[in-house]
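Right, one structure below, let's go through it.
Numbering (the numbering used here), first residue to last: 165 to 463.
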């Protein structure tokens, strides 16, 4: 992922929070195979274990599961049985030697038409379309728990499906008082379903984020983008307008500390009410390498 400095998010706690708020990640692997495509990708919801958790690496661990019928899972099992591209562990799990990649996308992203650039377009016409979005990418070493009779597979899946369920019931759905639990389903039914999935654990070796929300544009063009999204009169347009406004305002305030900055125009864009989650609010404070917003401003 191309991480232009003005878009790059390097603050680790912010990246962790982004993943927890957007746990559906796209897992991509590259394994040699005569049976399956060497490149495979699958959308998987993940549990993130912070590095202060027991048994995690310096950058933390992702835990997920994937359908055994998925061609990507089949390529894992094929590699394991042929002892190819990896190493079989004493507990029966299999660790791939090649890095895997997981990409997490933010919920709000949108095409940006050149017509939004109300400063540059009428002045020079030198404008082209782009896309505003946010994402976090994770690289790491993956271990596969696929042997149905292995205690390691049973232990891993039991914990993973419960942790994943609890996180999404409580945090995603907001069911703090009476969340659905795995134990609410018949145990025999859960055991049948467990045989149809394999576990995957990724020890994170590298992590980075990108918040691309028109920070690189002139103030006039930023105002055009903010107003343009707002005038779409859609929920997504409104969310994009507020997100861009907060993002560019953060950088404008940061640059106001430097009188010589070409972007020292903090009076041009008023501070918006922050209506999005914790990850966004923290990111806006850290993206320009100087504190901007305080968490107590989040509504």
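We put the beta carbon where it would ideally sit given N, CA and C, even for glycine.
Hey, residue i and residue j are a contact pair by Cβ (cut 8 angstroms); roughly how many whole angstroms apart?
{"i": "residue 240", "j": "residue 308", "result": "5 angstroms"}
{"i": "residue 199", "j": "residue 213", "result": "The pair is not a contact, with the Cβ atoms about 33 angstroms apart (cut-off 8 angstroms)."}
{"i": "residue 208", "j": "residue 300", "result": "Not a contact, Cβ separation roughly 15 angstroms."}
{"i": "residue 304", "j": "residue 366", "result": "4 angstroms"}
{"i": "residue 196", "j": "residue 248", "result": "7 angstroms"}
{"i": "residue 316", "j": "residue 256", "result": "6 angstroms"}
{"i": "residue 268", "j": "residue 363", "result": "With 8 angstroms as the limit, residue 268 and residue 363 do not qualify as a contact, their Cβ atoms being about 19 angstroms apart."}
{"i": "residue 404", "j": "residue 272", "result": "6 angstroms"}
{"i": "residue 358", "j": "residue 321", "result": "5 angstroms"}
Taking only three categories from DSSP, how would you classify residue i?
{"i": "residue 200", "result": "coil"}
{"i": "residue 403", "result": "helix"}
{"i": "residue 329", "result": "helix"}
{"i": "residue 367", "result": "strand"}
{"i": "residue 213", "result": "strand"}
{"i": "residue 241", "result": "helix"}
{"i": "residue 191", "result": "strand"}
{"i": "residue 258", "result": "strand"}
{"i": "residue 170", "result": "coil"}
{"i": "residue 338", "result": "coil"}
{"i": "residue 345", "result": "coil"}
{"i": "residue 231", "result": "strand"}
{"i": "residue 374", "result": "strand"}
{"i": "residue 225", "result": "strand"}
{"i": "residue 381", "result": "coil"}
{"i": "residue 455", "result": "With a pLDDT of 33 at residue 455, under the threshold of 50, the modelled position of this residue cannot be trusted; read the value that follows with caution. If DSSP states are grouped into helix, strand and coil, residue 455 belongs with coil."}
{"i": "residue 413", "result": "helix"}
{"i": "residue 179", "result": "helix"}
{"i": "residue 396", "result": "coil"}
{"i": "residue 437", "result": "The predicted position of residue 437 is uncertain, since its pLDDT is 40 and thus under 50; a value taken from the coordinates is nonetheless stated next. Reduced to three states, the DSSP call for residue 437 is coil."}
Mark residue i as exposed unless 16 or more other C-beta atoms lie within 10 angstroms of its C-beta, in which case mark it buried.
{"i": "residue 376", "result": "buried"}
{"i": "residue 237", "result": "buried"}
{"i": "residue 310", "result": "buried"}
{"i": "residue 281", "result": "buried"}
{"i": "residue 292", "result": "exposed"}
{"i": "residue 296", "result": "buried"}
{"i": "residue 262", "result": "exposed"}
{"i": "residue 360", "result": "exposed"}
{"i": "residue 180", "result": "buried"}
{"i": "residue 337", "result": "exposed"}
{"i": "residue 168", "result": "exposed"}
{"i": "residue 202", "result": "exposed"}
{"i": "residue 385", "result": "buried"}
{"i": "residue 399", "result": "exposed"}
{"i": "residue 356", "result": "exposed"}
{"i": "residue 387", "result": "buried"}
{"i": "residue 319", "result": "exposed"}
{"i": "residue 290", "result": "exposed"}
When every heavy atom of the ligand SAH is checked, does at least one fall within less than 6 angstroms of the C-beta of residue i?
{"i": "residue 304", "result": "In the structure shown, the ligand SAH is absent, as is every other ligand, since no ligand is present at all."}
Measuring only the C-alpha atoms, how far is residue i from residue j?
{"i": "residue 191", "j": "residue 211", "result": "13 angstroms"}
{"i": "residue 353", "j": "residue 333", "result": "20 angstroms"}
{"i": "residue 341", "j": "residue 335", "result": "12 angstroms"}
{"i": "residue 259", "j": "residue 369", "result": "14 angstroms"}
{"i": "residue 298", "j": "residue 306", "result": "25 angstroms"}
{"i": "residue 346", "j": "residue 215", "result": "26 angstroms"}
{"i": "residue 328", "j": "residue 279", "result": "43 angstroms"}
{"i": "residue 381", "j": "residue 187", "result": "30 angstroms"}
{"i": "residue 284", "j": "residue 406", "result": "22 angstroms"}
{"i": "residue 165", "j": "residue 302", "result": "10 angstroms"}
{"i": "residue 246", "j": "residue 383", "result": "58 angstroms"}
{"i": "residue 206", "j": "residue 331", "result": "21 angstroms"}
{"i": "residue 372", "j": "residue 173", "result": "6 angstroms"}
{"i": "residue 378", "j": "residue 275", "result": "12 angstroms"}
{"i": "residue 402", "j": "residue 391", "result": "9 angstroms"}
{"i": "residue 193", "j": "residue 242", "result": "14 angstroms"}
{"i": "residue 277", "j": "residue 251", "result": "49 angstroms"}
{"i": "residue 171", "j": "residue 374", "result": "5 angstroms"}
{"i": "residue 412", "j": "residue 254", "result": "52 angstroms"}
{"i": "residue 227", "j": "residue 286", "result": "50 angstroms"}
{"i": "residue 313", "j": "residue 344", "result": "28 angstroms"}
{"i": "residue 393", "j": "residue 348", "result": "44 angstroms"}
{"i": "residue 339", "j": "residue 323", "result": "20 angstroms"}
Is residue i close to chain C, meaning its C-beta is less than 7 angstroms from at least one C-beta of that chain?
{"i": "residue 377", "result": "Considering every chain present, this structure includes no chain C. It has just one protein chain."}
| said: Which complete alpha helix (DSSP H) runs does the segment 265-318 hold, if anything under 4 residues is left out? | reply: Within the segment 265-318, the complete alpha helix (DSSP H) runs of at least 4 residues are 284-287.
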